[in-house]
Amino acid sequence: MEIAILACGCFWSPEIKFSKLKGVLKTEVGYCGGNTKNTTYKEVCTGSTNHAEVVKLEFDSNQISYSAILNYFFAIFNIIEFSCGRYRI
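Taking my numbering, the leading residue of the sequence shown gets 14, the next gets one more, and so forth.
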């Protein structure tokens, strides 16, 4: 089993999409970076904590490669649309 952590703006839709990929065994959402510990969704939504919303994927590399995960990520995620404000990567 391997792990990938992807910052993707709002994490709810990507988590659902990734969970349906063959070879992705588990998904988990959370926050990365930032300047506060144990932040809450409400705090992150203010834009003042500097956290990125992320999806952690546990995957079987015999069923799906890291490269395939990244290709899927860029197919479903518009990096230009989410490159400012709270939605940054």
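Glycine included, each C-beta is placed from N, C-alpha and C at the ideal position. In this text, all values refer to a predicted model and were calculated from it rather than measured experimentally.
Nearest-angstrom Cα separation, counted from residue j out to residue i
i      : j     : result
Pro27  : Val68 : 7 Å
Gly36  : Ser61 : 36 Å
Tyr127 : Lys50 : The first residue shown for the chain is 14 and the last is 102, placing residue 127 beyond what the model contains.
Tyr79  : Glu56 : 31 Å
Thr52  : Ile77 : 32 Å
Tyr54  : Glu41 : 14 Å
Residue i vs residue j beta-carbon contact at 7 Å
i     : j     : result
Ala17 : Leu70 : yes
Phe31 : Glu66 : no
Asn75 : Asn63 : no
Phe87 : Glu15 : no
For residue i, the three-state DSSP class (helix, strand or coil)
i     : result
Ile18 : strand
Leu34 : coil
Phe86 : helix
First through last residue of the beta strand (DSSP E) which encompasses residue i
i     : result
Lys55 : Not the beta strand (DSSP E): Lys55 falls in the alpha helix (DSSP H), residues 54–58.
Phe24 : No beta strand (DSSP E) contains Phe24, which DSSP labels as neither H nor E.
Lys69 : 64–72
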